[in-house]
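> Numbering (my numbering), first residue to last: 858 to 1012.
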């Protein structure tokens, strides 16, 4: 099965020059999984998620957040966030973005997302944004198929 059969065709994307304040608003509306960044022609040039914004707000400290004994100072985080709100998304986005062609095999996408620890990735056709595939969509697809299969079994 091709990834195009399970991807979301919502083409919500960000322009490279959008400020981070806009990015945060759009992420809040779009479940916070991350969003593709596109150039003026609609080609995918990056991806940004909440992790990238926190990393930008806490440079040099982000790696320590996985340590359960390190508690960031919330006022320091708030202050740093305020200072970077006008930065363009291009300054903090992931530029070496994992993306998939619409025709790529579903299983290959599942493996890549899992191995890379990526929650969502853009799906493109000839470099242009066609949609986004999310791990939660993949899981839902498997669960729905499981439910359909069980419903077809004789009682």
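Cβ coordinates follow ideal geometry from the N, Cα and C atoms, glycine included. Here the structure is a predicted model, which means the values were calculated and not measured.
State yes or no: is the C-beta of residue 980 within less than 9 Å of the C-beta of residue 967?
Result no, Cβ atoms of residue 980 and residue 967 do not sit closer than 9 Å.
> Could you please give the first and the last residue of the uninterrupted beta strand (DSSP E) stretch that includes residue 905?
Segment 901-905, the beta strand (DSSP E) holding residue 905.
> Near residue 954, which residues of its chain fall below 6 Å by C-beta distance, leaving aside the five closest residues on each side in sequence?
Only 903, 904 meet the Cβ criterion.
> Tell me the start and end of each unbroken alpha helix (DSSP H) in the region 962-997 that is at least 4 residues and wholly inside, in chain order.
Complete alpha helix (DSSP H) runs here, min 4: 963-973.
> So residue 934 is in the beta strand (DSSP E); what residue range does that whole segment cover?
No beta strand (DSSP E) holds residue 934; the alpha helix (DSSP H) holding it covers 931-941.
> Once DSSP output is grouped into helix, strand and coil, what is the label at residue 1007?
The predicted model places residue 1007 with a pLDDT of 45, which falls under 50 and marks its position as unreliable, so this point remains unresolved.
> To the nearest angstrom, report how far apart residue 899 and residue 959 are at their CA atoms.
Each residue's Cα considered, the two are about 16 Å apart.
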